[in-house]
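Student:
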Amino acid sequence: MNLPDYQFLSAPLWLLTTLHVLTLTLHFVAMNFLLGGVIIVLHAGVRKRWNDPTLLKFVRLFPAAMAATVTLGVAPLLFLQLVYPRQVYSAAIVSGWFWLNVITVVIIAYYALYRAALKGERTGKIGLPALVLALVGLLYVSIVYSSVFSMAEKPNLIHDLYAKDQSGRIFNPAAGDYILRWLHMVLGAVTVGGFFVGMLGRNEPSTYQTGKQYFVVGMVLASMAGMAYLLSLLPILAAFMKTPAIWALTVAILLSLGSLHFFFKKNFCASGMMLFVSMLGMVYTRHVVRVLKLAGQFEPSSLRVAPQWGPFVMFLTCFVVALGVVAYMLRLFFGASRSAT
Amino acid sequence: MNYPFWDAPIGYGVLMGAIAVLHVFVSHFAIGGGLYLVVTEHRARRRNDELTLGFLEKLSKFFVLVTLVFGALSGVGIWFIIGLLNPTATEALIHNYVWGWATEWTFFVVEITSALIYYYGWKRMTAAAHLAVGWIYFIFAWLSLVIINGIITFMLTPGTWLATGNFWDGFFNPTYWPSLVMRTGICIMLAGLYALVVAARHEADEFKARTVRDTTTWGILGLLITVGAQYWYWKAIPAAITTKAVQLMPTPIHALRYSVWLAAAIGVLLVLGRVMARRLPVAVAGLLMVFGLAWFGAFESFRESIRKPYIITGYIYGNGVEVARTDRYKKDGYLAEIVYRTGNEGADLFMHACRSCHTLDGYKPLKSAFNGTDRAFIAAIVRGTHLLKGNMPPFLGTAVEADRIAEYLYQRIDHRPLDEICRQEGLDLGKTAYDLRCGKCHVVGGYKDASKSFAGLSPDDLSGLLDNSALLGEGMPEYTGNAAERAALVAYLQTLGTQVKK
Numbered sequence: 037m038n039l040p041d042y043q044f045l046s047a048p049l050w051l052l053t054t055l056h057v058l059t060l061t062l063h064f065v066a067m068n069f070l071l072g073g074v075i076i077v078l079h080a081g082v083r084k085r086w087n088d089p090t091l092l093k094f095v096r097l098f099p100a101a102m103a104a105t106v107t108l109g110v111a112p113l114l115f116l117q118l119v120y121p122r123q124v125y126s127a128a129i130v131s132g133w134f135w136l137n138v139i140t141v142v143i144i145a146y147y148a149l150y151r152a153a154l155k156g157e158r159t160g161k162i163g164l165p166a167l168v169l170a171l172v173g174l175l176y177v178s179i180v181y182s183s184v185f186s187m188a189e190k191p192n193l194i195h196d197l198y199a200k201d202q203s204g205r206i207f208n209p210a211a212g213d214y215i216l217r218w219l220h221m222v223l224g225a226v227t228v229g230g231f232f233v234g235m236l237g238r239n240e241p242s243t244y245q246t247g248k249q250y251f252v253v254g255m256v257l258a259s260m261a262g263m264a265y266l267l268s269l270l271p272i273l274a275a276f277m278k279t280p281a282i283w284a285l286t287v288a289i290l291l292s293l294g295s296l297h298f299f300f301k302k303n304f305c306a307s308g309m310m311l312f313v314s315m316l317g318m319v320y321t322r323h324v325v326r327v328l329k330l331a332g333q334f335e336p337s338s339l340r341v342a343p344q345w346g347p348f349v350m351f352l353t354c355f356v357v358a359l360g361v362v363a364y365m366l367r368l369f370f371g372a373s374r375s376a377t
Numbered sequence: 110m111n112y113p114f115w116d117a118p119i120g121y122g123v124l125m126g127a128i129a130v131l132h133v134f135v136s137h138f139a140i141g142g143g144l145y146l147v148v149t150e151h152r153a154r155r156r157n158d159e160l161t162l163g164f165l166e167k168l169s170k171f172f173v174l175v176t177l178v179f180g181a182l183s184g185v186g187i188w189f190i191i192g193l194l195n196p197t198a199t200e201a202l203i204h205n206y207v208w209g210w211a212t213e214w215t216f217f218v219v220e221i222t223s224a225l226i227y228y229y230g231w232k233r234m235t236a237a238a239h240l241a242v243g244w245i246y247f248i249f250a251w252l253s254l255v256i257i258n259g260i261i262t263f264m265l266t267p268g269t270w271l272a273t274g275n276f277w278d279g280f281f282n283p284t285y286w287p288s289l290v291m292r293t294g295i296c297i298m299l300a301g302l303y304a305l306v307v308a309a310r311h312e313a314d315e316f317k318a319r320t321v322r323d324t325t326t327w328g329i330l331g332l333l334i335t336v337g338a339q340y341w342y343w344k345a346i347p348a349a350i351t352t353k354a355v356q357l358m359p360t361p362i363h364a365l366r367y368s369v370w371l372a373a374a375i376g377v378l379l380v381l382g383r384v385m386a387r388r389l390p391v392a393v394a395g396l397l398m399v400f401g402l403a404w405f406g407a408f409e410s411f412r413e414s415i416r417k418p419y420i421i422t423g424y425i426y427g428n429g430v431e432v433a434r435t436d437r438y439k440k441d442g443y444l445a446e447i448v449y450r451t452g453n454e455g456a457d458l459f460m461h462a463c464r465s466c467h468t469l470d471g472y473k474p475l476k477s478a479f480n481g482t483d484r485a486f487i488a489a490i491v492r493g494t495h496l497l498k499g500n501m502p503p504f505l506g507t508a509v510e511a512d513r514i515a516e517y518l519y520q521r522i523d524h525r526p527l528d529e530i531c532r533q534e535g536l537d538l539g540k541t542a543y544d545l546r547c548g549k550c551h552v553v554g555g556y557k558d559a560s561k562s563f564a565g566l567s568p569d570d571l572s573g574l575l576d577n578s579a580l581l582g583e584g585m586p587e588y589t590g591n592a593a594e595r596a597a598l599v600a601y602l603q604t605l606g607t608q609v610k611k
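Same order as they appear, the protein sequences are chains R and V.
Using the numbering used here, the first residue of the first sequence is number 37, and each one after it goes up by one.
Using the numbering used here, the first residue of the second sequence is number 110, and each one after it goes up by one.
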């Protein structure tokens, strides 16, 4: 029958990859603020520093950070599923219950963050149980994502696991594939969280120091986990060295160090920009690793490209308008806040 | 068949329905509620009405907690669940409509940002700035409906897209406009219903009376738009679909009837609420929410089930079988196309051909549909699914594959004779045997009713008919029941013939 074929890309691969890498980086910024922030606030609580006003400010921002994390997480997942649907859906189906429960867990974590924020506003105290609940939820989501997306890179593993059990209760048993990457990501979140604590508490020496500690220690530990993960990629390491990703990774590492330098000088704008571009480089590296791991089994470049330029222009126009409208609203909000103070 | 199959113990319809209905109930409120907030704030500010502004501030907290958390996340949940339940259709939708979804995402970004600023801005922003943010919220929330409505309606009525494959042909499909108007009406109605819950909790005074009157106006107006547009929507669905639905699909037709009754009940309660505005009990507001949710459940059930046997009309069947590959399936069979295998061919075939709609024991169970029968009967039914009541997808695999499915099911059913299983005799047993053996295609008083053909036939004639049943028409299975079942069935068929004679 002569029906339209759906197996095509509605834009050139480079464009879809760029959008994926860019939006995933934005998602990571929000997610790192949130996850790193929750870890730091809880750690500060253990060290009896609950009354720090910057920490309270942080807690009040968590619901908005969660909203940003969720919202900015939608687009990269969409672009990923457009290019790699066979891999991503197959892995998600094998871990069906874990995957679906991400939604339930995020809803619970979201309400827990609202509870902590509202309690903070009302009493000036931080709700420990709510934050612990939120942290457990966020860690659950991160480990499920890491395990499913790692499984998606191993079609043979999906075949084997599915042959054993079709109930969707399988958690990726090849932990060696993703545990270091997951650790790198969590520690990276602490690093970025430290940056935000330092930036928000820049006028409060003790808070700035706290942020600095997390920023530095987090970066050292995240680098170690990242290096260990890189070494675990031994089978594809040689191929990796021949891709532009090695340069992207080198630049990303240098920019991370640069961001530390500017953080120490309290130039948060330069530090933040470097940190963002560094994350962009790492996300691109992650993308290249996926392509290399799938090499020989799936080549995204083999997909037929049939651009839908009209709908793409609609998206681009709306994207630009949305950015403008968001900027306008933020100006209205913060302008009003400034005049109120 | 490029994907593994998620063999969840819950019926796919139940899983999908539970998430989807709750989501749409909140997401439509997220749009209508935004309009309600900003319009009511506008009026309150003009009147310098501090009481109403306080009420709206309280409502906006409830609004943010419900829509931003549950509404947004359950929307992502739909995306997760469709990828698990029908990855082929999801893949097709994403490939065709990625820019639609990406555009909706840009609106979503504005929606979330504006909702948060609106909520946090009550005490911090000027009235004009706050109202501006409120309008921005509503406009972008409604625009997200404008986009997603194109993709949802495409699934039922893809229109000329089936020939052209053009994005816009599928997007502005035959049910696009009626659905958009209807869903806008639902948004307005739900704004009224949700706001009533908050208003009903206020102490009985003039403020409560005025607020309840206002909100019931929203509810009634939204309901009228919804009901009118629902009729338009029904008329916009191609007659080939609606006629078939009326003839052989009880689920969407019952759902449609329920939605009409529920709309009437909502209307009555809204008028009642208006009459007793000052003393409106919370229970009535709560009941309205329950009816609103039930109405949406009925409508979504109608929308999902009237698409049968497709998930994307004319393009992909409900079980993920692609219409475009019909010839290939018929030639090489399903197994050649199933990428992920379990090692049990019967199980693989059963999951990919049947399991999307049927479970063994739970939702639309197949064990009870075949208990007391045999391999040959089951295989005949599998081969003739397109002839059964309920508008099922055709079985496009080979005869050997139908036998494999039959074997798989036969291993799992009760093998005792029917009279032992159901412990019946006489006409009761005959009716059970009829439902089991004949009722899958011939509904007494309904679809393909064959009662007339039994009129005037003797028990011997009827028994002869059973002997030759496989020769009576396309897809008719051979009769293989035991003597007790046969005698009871013959007696029942005779009763059917006699009733027609009268």
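From the three backbone atoms N, C-alpha and C, an ideal C-beta is built for every residue, glycine too.
(1) Does DSSP put E166 (chain V) in a helix, in a strand, or in coil?
(2) Tell me which same chain residues have a C-beta within less than 6 Å of the C-beta of D523 (chain V), skipping the five on either side of it?
(3) Pull up the distance between the alpha-carbon of F217 (chain V) and that of R492 (chain V), whole angstroms please.
(4) Does the region 42 to 54 of chain R come close enough to the region 193 to 201 of chain R that 3 or more CB-CB pairs lie under 8 Å?
(5) Just checking my contact of M385 (chain V) with V306 (chain V) at CB under 8 Å: how many whole Å lie between their CB atoms?
(6) Report the neighbours of Q43 (chain R) on chain V: residues whose CB is nearer than 9 Å to its CB, in chain order.
(7) Rounded to whole angstroms, what is the Cα-Cα separation between T377 (chain R) and R367 (chain R)?
(8) Give a yes or no on whether the minimum CB-CB distance between F189 (chain V) and chain R is below 8 Å.
(9) Under 8 Å: do the region 501 to 516 of chain V and the region 440 to 458 of chain V share three or more Cβ pairs, one atom per stretch?
(10) Would you report the Cα separation of D512 (chain V) and A488 (chain V), rounded to the nearest angstrom?
(11) Would you call T273 (chain V) buried or exposed, if buried means 16 or more other Cβ atoms sit within 10 Å of its Cβ?
(12) Can E315 (chain V) and G243 (chain V) be called in contact, C-beta distance under 8 Å?
(13) Rounded to whole angstroms, what is the Cα-Cα separation between T607 (chain V) and L566 (chain V)?
(14) For V341 (chain R), list the residues DSSP reports as bridge partners.
(15) Please decide whether L176 (chain R) counts as near chain V, where near means a Cβ-Cβ distance under 8 Å.
(16) Along the chain, where does the alpha helix (DSSP H) containing Y176 (chain R) start, and where does it finish?
(17) Under DSSP, the alpha helix (DSSP H) around Y125 (chain R) begins and ends at which residues?
(18) Less than 8 Å between CB atoms is the rule here; does A238 (chain V) satisfy it with respect to chain R?
(19) Report the rounded CA-to-CA distance for G156 (chain R) versus R96 (chain R), giving the unit in angstroms.
(20) Can you name the residues of chain R whose CB is closer than 8 Å to the CB of Y112 (chain V)?
(21) Closer than 8 Å is the cut-off here; do at least three beta carbon pairs connect the region 187 to 203 of chain V with the region 246 to 256 of chain V?
(22) Restricting to Cα atoms, I'd like to know which of V:H311, V:K344, V:I514 and V:L302 is closest to L330 (chain V).
(23) In or out: A129 (chain V) buried (at least 16 other Cβ within 10 Å) or exposed?
(24) Please say whether G254 (chain R) and G234 (chain R) have beta carbons closer to each other than 8 Å?
(25) Among residues of its own chain, excluding the 5 on either side of V287 (chain R), which ones have a beta-carbon nearer than 7 Å to its beta-carbon?
(26) Just to confirm before moving on: does the CB-CB distance between I190 (chain V) and M125 (chain V) stay below 8 Å?
(27) Is P347 (chain R) close to chain V? Criterion is C-beta to C-beta, closer than 8 Å.
(28) Quick one: is Q43 (chain R) buried, meaning 16 or more other Cβ sit within 10 Å of its Cβ, or exposed?
(29) Let me make sure I understand the geometry here. Which of V:T541, V:L518 and V:Q603 has the alpha-carbon closest to that of G590 (chain V)?
(30) Buried or exposed: which applies to N500 (chain V), given that a residue is buried once 16 or more other Cβ atoms fall within 10 Å of its Cβ?
(31) Counting C-beta neighbours from all protein chains within 10 Å, is the total for T167 (chain V) 16 or more, i.e. buried, or is it exposed?
(32) By Cβ distance below 6 Å, which residues in the same chain neighbour I119 (chain V) in space, the five residues on each side in sequence not counted?
(33) Could you round the C-beta distance between Y265 (chain R) and H220 (chain R) to whole angstroms and report it? I think they count as a contact, below 8 Å.
(34) Should H239 (chain V) go down as buried or exposed, given a rule of 16 or more other Cβ atoms within 10 Å for buried?
(35) Please list the partners that G274 (chain V) has in chain R, where partner means a Cβ-to-Cβ separation under 9 Å.
(36) Alpha carbon to alpha carbon, how far is T451 (chain V) from L115 (chain V)? Give it in angstroms, no decimals.
Tutor: Taking the definition as stated:
(1) DSSP places E166 (chain V) within a helical segment (H, G or I) once states are collapsed to three.
(2) In its chain, beyond the 5 residues on either side, N480 and I530 have a beta carbon closer than 6 Å to the beta carbon of D523 (chain V).
(3) Each residue's Cα considered, the two are about 46 Å apart.
(4) Contact fails: fewer than three Cβ-Cβ distances are below 8 Å.
(5) Contact between M385 (chain V) and V306 (chain V) does not hold, since their C-beta atoms are separated by about 16 Å, which reaches or exceeds 8 Å.
(6) Simply E200, A201 and H204.
(7) Its pLDDT being 49, under 50, T377 (chain R) is placed unreliably by the model, and nothing is read from it.
(8) F189 (chain V) counts as touching chain R.
(9) Judged by Cβ distances under 8 Å, the region 501 to 516 of chain V makes contact with the region 440 to 458 of chain V, as three or more pairs qualify.
(10) Cα to Cα, D512 (chain V) sits roughly 5 Å from A488 (chain V).
(11) Exposed, by the Cβ-count rule.
(12) Taking 8 Å as the cut-off, the beta carbon of E315 (chain V) is found no closer than this to the beta carbon of G243 (chain V).
(13) If you take the alpha carbons of T607 (chain V) and L566 (chain V), they lie about 9 Å apart.
(14) Its beta-bridge partners are R:L45.
(15) Note that residue 176 (chain R) is Tyr in the sequence shown here, rather than Leu. Chain V contact via Cβ: absent.
(16) Here the alpha helix (DSSP H) through Y176 (chain R) covers L164 to M187.
(17) Note, Y125 (chain R): alpha helix (DSSP H), P121 to V130.
(18) Yes, A238 (chain V) lies at the interface with chain R (some Cβ there is under 8 Å from its Cβ).
(19) The C-alpha of R96 (chain R) is placed about 7 Å away from the C-alpha of G156 (chain R).
(20) Chain R residues near Y112 (chain V): R122, Y125, S126 and I129.
(21) By the criterion of at least three beta-carbon pairs nearer than 8 Å, the region 187 to 203 of chain V is not in contact with the region 246 to 256 of chain V.
(22) Closest option to L330 (chain V), Cα to Cα, is V:L302.
(23) Answer is buried; the Cβ neighbour count reaches 16.
(24) No, they are not a contact pair.
(25) Apart from the 5 residues on each side of it in sequence, V287 (chain R) sits with its Cβ closer than 7 Å to the Cβ of G317 in its chain, given in chain order.
(26) Yes; because the gap between Cβ atoms is below 8 Å, this pair is in contact.
(27) Yes, P347 (chain R) lies at the interface with chain V (some Cβ there is under 8 Å from its Cβ).
(28) Burial check for Q43 (chain R): the Cβ neighbour count within 10 Å stays below 16, so the residue is exposed.
(29) The candidate whose alpha carbon is nearest that of G590 (chain V) is V:T541.
(30) Buried.
(31) What sits at residue 167 (chain V) in the sequence shown is Lys, not Thr. For K167 (chain V), the number of other beta carbons within 10 angstroms of its own is below 16, and it is reported as exposed.
(32) Excluding sequence neighbours, I119 (chain V) sits near nothing in its chain.
(33) Right, the Cβ-Cβ distance comes to about 6 Å (below 8 Å), so this counts as a contact.
(34) Buried, by the Cβ-count rule.
(35) Simply L39, P40, D41, Y42 and A342.
(36) Before going on, a small fix: residue 115 (chain V) reads as Trp here, not Leu. C-alpha of W115 (chain V) to C-alpha of T451 (chain V): approximately 12 Å in a straight line.
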